[in-house]
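>
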Amino acid sequence: MARRLQQGMTLIEVMVALLVLSLGVMAAAALQGRALHGTDGALRTTQALYLAQALLEGARAAGGLRAGEASALQRELVKVAGASAQAQVRQAGNGLALDLHWQGGGLAVQGQVGP
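This is the structure in structure tokens:
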């Protein structure tokens, strides 16, 4: 009996190839999601740092913390980092200590205000 030469791909080979391809696509999508999450966290941290820097520079120019600046920082931080954001401003001698916290991150900044 003569053997027939196989031509083309079998259904199982096609299904295995599709499975391997779909696993690769899902891994790439998961990697992209993690990258976006990391970028979002870095953006929030950078924006919070800019807010803290602006408060410290304003306090340095005015010679101290002005009334309402701490609550303004809280409002701006909520806009940037979400409703869970908390800002604490403490005066320590001639400096300020800022603690900014939000869901998934936070930072602490200290700065000299007076001479």
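With UniProt numbering, the residue at position 102 of the sequence shown is 102, and numbering never jumps.
Backbone N, C-alpha and C define an ideal beta-carbon position, used for all residues, glycine too.
Predicted, not measured: the structure shown is a model, and the values here were computed from it.
To which residues of the same chain is Gly106 closer than 7 angstroms at the C-beta, ignoring the five residues directly before and after it?
Taken in chain order, the residues that qualify are Leu100.
> Quick test of your reading: Val25 and Gly64, contact by CB under 8 angstroms. State the CB separation rounded to the nearest angstrom.
Their Cβ separation, rounded to whole angstroms, is 57 angstroms, which puts Val25 and Gly64 out of contact at 8 angstroms.
> Does the region 77-92 touch the region 46-56, meaning 3 or more C-beta pairs lie closer than 8 angstroms?
Flag = yes, the region 46-56 and the region 77-92 touch.
> Pull up the CB-CB distance for Val80 and Leu51, whole angstroms please, since I reckon it's below 8 angstroms.
7 angstroms between Cβ atoms; contact.
> Take Arg75 as the anchor and find which of Arg34, Trp102, Gln91 and Ala62 has the nearest alpha-carbon.
Minimum Cα distance to Arg75 is reached at Trp102.
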